Structures are given as structure tokens and as C-alpha cells.
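Residue numbers (our numbering): 102 to 349. See structure below.
Here it is in C-alpha cells:
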């Protein structure tokens with residue numbers, strides 16, 4: 102983070118999050134993104150990496166008792182380093198290249214995927230990875246424990262254990278802001294993976310978290326209770342069963 106991090110540091114403290122592994126870079130500003138999104142979920146992003154390019158100054162070795170990691174968009178050097186450190190330490194990780202995808206060529210992406218246990222992309226990113234690596238989805242899925250492809254309003258797909266799990270979309274009561282929905286989806290996945298859940302259950306929780314997020318403005322302003330999450334999850338499951346019955 103950079104010299105402008107003060108207000109967000111206050112937010113972290115108010116929410117009782119551990120700042121232990123936050124490193125301040127003097128004479129730099131924290132990464133900033135300005136995202137314009139339309140109703141079709143098309144996005145234009147203006148991005149300044151700032152202090153993020155120094156992410157390699159943080160080391161996975163400084164963290165203790167890590168059971169699962171995610172390598173998401175970050176400084177290029179940091180992404181390479183953290184993936185390598187996870188692999189060397191035997192820490193399973195999800196590779197989520199996201200908007201960092203253009204930084205890597207096909208060979209580099211395959212290197213990440215070979216080290217990763219899980220690969221998570223949206224439909225556009227899945228096509229880019231296929232084009233860059235020359236591998237189709239089934240071939241990519243064979244390299245990891247699970248390949249997750251989100252499809253927006255069409256739900257998501259999870260390729261795992263030689264199977265394809267179709268995860269239906271959980272529809273929100275209202276659509277306010279899609280920013281951060283992918284992150285919320287991944288939070289649901291990671292929560293389920295750590296607890297050893299099966300893939301359909303992981304996927305449904307992930308979709309539930311995405312639906313809860315989209316009804317709130319901003320990436321971190323939603324604070325659902327466990328009961329609210331369970332209610333949205335249960336209602337979506339009931340609708341899914343009812344839909345399947347109608348199709349019989």
C-alpha cells in the first residue's frame with residue numbers, strides 16, 4: 102500500500118482485520134481503479150498499480166498455518182513469486198488471473214496452472230486462456246483439481262473429478278452494482294473448499310455470495326449474516342428443484 106492508505110487502514114481496524122502482512126511503500130500511492138459498468142456487465146477500467154508493483158516484497162514464507170491460498174491480480178513479479186512459494190511450501194492455491202491476464206503469455210500461464218490446484222476464470226478470460234495456451238477447457242481442467250468458469254447470469258461451470266457440474270445462477274432481489282461479484286463468488290468457493298464440501302455445494306454457495314453482493318453498492322459494503330446467507334441459499338435451491346421438476 103502507499104502513503105494514502107490511512108482511511109482504509111482505519112476501515113481495516115474498525116472491522117478487526119489483522120494488518121500484520123500489509124507493507125507500506127513510501128513515495129507511492131495505493132493501487133486505484135475506476136470502473137465503468139453498463140447493464141450488460143461490460144466494463145471499462147482505468148487502473149493505476151502504484152504500490153502494487155512492489156507486491157513481491159511480501160513473502161508467503163512470512164505467513165503461518167496457511168491451508169489454502171489464492172493468487173489473484175497483483176504485481177507481475179509478486180504473482181510469480183507467491184505462486185512459486187505456495188507450490189514449494191505445499192500450499193494448495195487457486196489461480197485467478199482476472200484482469201492481470203494480459204501480463205502473461207501462454208507459456209507463463211501454463212506454468213501458473215501447472216503449479217495451481219484450482220483455476221478460476223470468467224467466460225471471457227476462459228477464451229483468452231484457451232487462445233494463449235492452445236488448450237481447450239477439458240485439457241485445462243485435466244491439469245488442476247477443478248476449473249471454475251463463471252458465466253454471469255447463466256450461472257457457472259465447474260470441471261472436476263472428470264465431470265462437469267452446472268451451477269445455476271442465484272438471482273438477486275435487486276441489481277445495484279456488479280463490482281466485486283467475482284470476488285464474492287470466489288469467497289464462497291474458498292469457504293467450501295477449506296471445509297471439504299462437494300463441488301455442487303461449493304458452487305451454490307459461491308453463486309449465493311455473488312447474488313448478495315450485487316444488491317449492494319461497492320465491493321465491501323455488504324455485511325450479510327449467516328442466517329441471511331442460509332435464507333438466500335435455501336430459496337435458490339428450492340427454485341432450482343422446482344425448475345427441474347417443471348422440465349421433467
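Ideal Cβ positions, reconstructed from N, Cα and C, are used throughout, including at glycine. Please read these numbers as outputs of a predicted model, since none were measured by experiment.
Range of the contiguous beta strand (DSSP E) that encloses residue i
{"i": "residue 131", "result": "Here residue 131 belongs to no beta strand (DSSP E), and DSSP marks it neither H nor E."}
{"i": "residue 222", "result": "219-223"}
{"i": "residue 248", "result": "247-251"}
{"i": "residue 258", "result": "257-261"}
{"i": "residue 153", "result": "Where residue 153 is concerned, there is no enclosing beta strand (DSSP E), given that its DSSP letter is neither H nor E."}
Simplified DSSP assignment, three categories, for residue i
{"i": "residue 339", "result": "helix"}
{"i": "residue 312", "result": "helix"}
{"i": "residue 213", "result": "helix"}
{"i": "residue 272", "result": "coil"}
{"i": "residue 227", "result": "helix"}
{"i": "residue 158", "result": "helix"}
{"i": "residue 330", "result": "helix"}
{"i": "residue 208", "result": "helix"}
{"i": "residue 165", "result": "coil"}
{"i": "residue 264", "result": "strand"}
{"i": "residue 173", "result": "coil"}
{"i": "residue 302", "result": "helix"}
{"i": "residue 234", "result": "helix"}
{"i": "residue 140", "result": "coil"}
Cβ-Cβ separation, residue j to residue i (assumed contact under 8 angstroms), whole Å
{"i": "residue 315", "j": "residue 333", "result": "Their Cβ separation, rounded to whole angstroms, is 11 angstroms, which puts residue 315 and residue 333 out of contact at 8 angstroms."}
{"i": "residue 130", "j": "residue 103", "result": "4 angstroms"}
{"i": "residue 160", "j": "residue 186", "result": "6 angstroms"}
{"i": "residue 138", "j": "residue 280", "result": "7 angstroms"}
{"i": "residue 318", "j": "residue 277", "result": "5 angstroms"}
{"i": "residue 171", "j": "residue 197", "result": "6 angstroms"}
{"i": "residue 224", "j": "residue 250", "result": "6 angstroms"}
{"i": "residue 247", "j": "residue 230", "result": "Their Cβ separation, rounded to whole angstroms, is 15 angstroms, which puts residue 247 and residue 230 out of contact at 8 angstroms."}
{"i": "residue 219", "j": "residue 195", "result": "4 angstroms"}
The alpha helix (DSSP H) enclosing residue i, as first and last residue numbers
{"i": "residue 180", "result": "177-190"}
{"i": "residue 110", "result": "107-115"}
{"i": "residue 147", "result": "Premise fails: residue 147 lies in the beta strand (DSSP E), 144-149, not in any alpha helix (DSSP H)."}
{"i": "residue 242", "result": "238-242"}
{"i": "residue 288", "result": "282-295"}
Buried versus exposed, by CB contacts within 10 Å (16 or more), residue i
{"i": "residue 226", "result": "buried"}
{"i": "residue 119", "result": "exposed"}
{"i": "residue 275", "result": "exposed"}
{"i": "residue 309", "result": "buried"}
{"i": "residue 183", "result": "buried"}
{"i": "residue 213", "result": "buried"}
{"i": "residue 43", "result": "Given that the chain is displayed from residue 102 to residue 349, the structure contains no residue 43 and the question cannot be resolved."}
{"i": "residue 135", "result": "exposed"}
{"i": "residue 125", "result": "exposed"}
Cβ of residue i within 9 angstroms of any chain B Cβ
{"i": "residue 262", "result": "No chain B is present in this structure, which holds just one protein chain."}
Distance cut-off 8 angstroms: residue i Cβ against heavy atoms of the ligand FMN
{"i": "residue 307", "result": "Summarising the ligand content, the structure contains no ligands, and the ligand FMN is consequently not present."}
Selection from the options that minimises the alpha carbon distance to residue i
{"i": "residue 167", "options": "155, 151, 193", "result": "193"}
{"i": "residue 311", "options": "199, 328, 269, 207", "result": "269"}
{"i": "residue 174", "options": "210, 165, 164, 191", "result": "210"}
{"i": "residue 178", "options": "292, 327, 222, 157", "result": "157"}
{"i": "residue 288", "options": "340, 330, 255", "result": "330"}
{"i": "residue 358", "options": "294, 105, 228", "result": "Lying outside 102 to 349, the shown extent of the chain, residue 358 is not represented and no answer is given."}
{"i": "residue 341", "options": "301, 327, 326, 236", "result": "301"}
{"i": "residue 132", "options": "234, 239, 155", "result": "155"}
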